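Residue numbering for the sequence shown follows my numbering, beginning at 11 and increasing consecutively. Comments concern the structure below.
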Amino acid sequence: MKIPYDTSFIPPAPFLEIQLGAPDAAFAIGPVRAFVDTGADVSIVPLRYLEPLYLQADNRKFLRSSWGERRLVDVYFLDVAVGNRRLPLVEIIADERGDEMILGRNLLNKLMLILNGPNLILELDV
Numbered sequence: 011m012k013i014p015y016d017t018s019f020i021p022p023a024p025f026l027e028i029q030l031g032a033p034d035a036a037f038a039i040g041p042v043r044a045f046v047d048t049g050a051d052v053s054i055v056p057l058r059y060l061e062p063l064y065l066q067a068d069n070r071k072f073l074r075s076s077w078g079e080r081r082l083v084d085v086y087f088l089d090v091a092v093g094n095r096r097l098p099l100v101e102i103i104a105d106e107r108g109d110e111m112i113l114g115r116n117l118l119n120k121l122m123l124i125l126n127g128p129n130l131i132l133e134l135d136v
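This is the structure:
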């Protein structure tokens with residue numbers, strides 16, 4: 011599957027459409043766009059997407075931003091659909107402040123993808 015970068019960003023940026031759901035349940039959220047961020051350790055989802063799932067956080071831990079800010083966050087383990095693949099029990103950090111969904115390496119490392127920057131195409135093997 012070849013997905014064009016979003017050229018409304020400068021520089022253009024890769025995004026994927028995903029779905030979210032409770033473990034072993036039907037996907038209840040999505041499809042929604044998520045920023046592909048190979049520099050992020052973990053995947054982050056705005057809390058407003060998680061609230062309709064009526065799940066309790068699985069854990070809490072401290073997260074440090076690239077600016078050095080440290081804050082306590084809720085951790086969820088959700089199933090995530092990318093293309094026709096279901097990725098079970100992906101660690102998701104709930105973001106109470108932001109509105110951008112970010113796919114970090116904890117999820118991206120489960121996929122075969124190529125960031126073809128010169129052609130502004132994300133190639134995903136599903």
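Glycine included, each C-beta is placed from N, C-alpha and C at the ideal position. Because the structure is a prediction, the values reported are computed rather than measured.
Contact between Val85 and Lys71 holds: their C-beta atoms lie close to 6 Å from each other, under 8 Å. Beta-bridge analysis with DSSP links Gly31 to Asp89. Between the segment 104 to 117 and the segment 47 to 55 there are three or more C-beta pairs closer than 8 Å, enough to call the two in contact.
Straight-line measurement puts the Cα of Asp109 at about 19 Å from the Cα of Tyr64.
Taking 8 Å as the upper bound for CB-CB distance, Ile131 and Tyr59 are not in contact here, some 26 Å apart.
In the three-state reduction of the DSSP assignment, Gly127 falls in the helix class, which pools H, G and I. Asp105 is classed as buried because its beta carbon has at least 16 other beta carbons within 10 Å across all chains shown.
Scanning the segment 46 to 86 from its first residue to its last, the whole beta strand (DSSP E) runs of 3-plus residues come out as 53 to 56, 69 to 74. In this structure, the beta-carbon distance from Pro24 to Leu125 falls below 7 Å.
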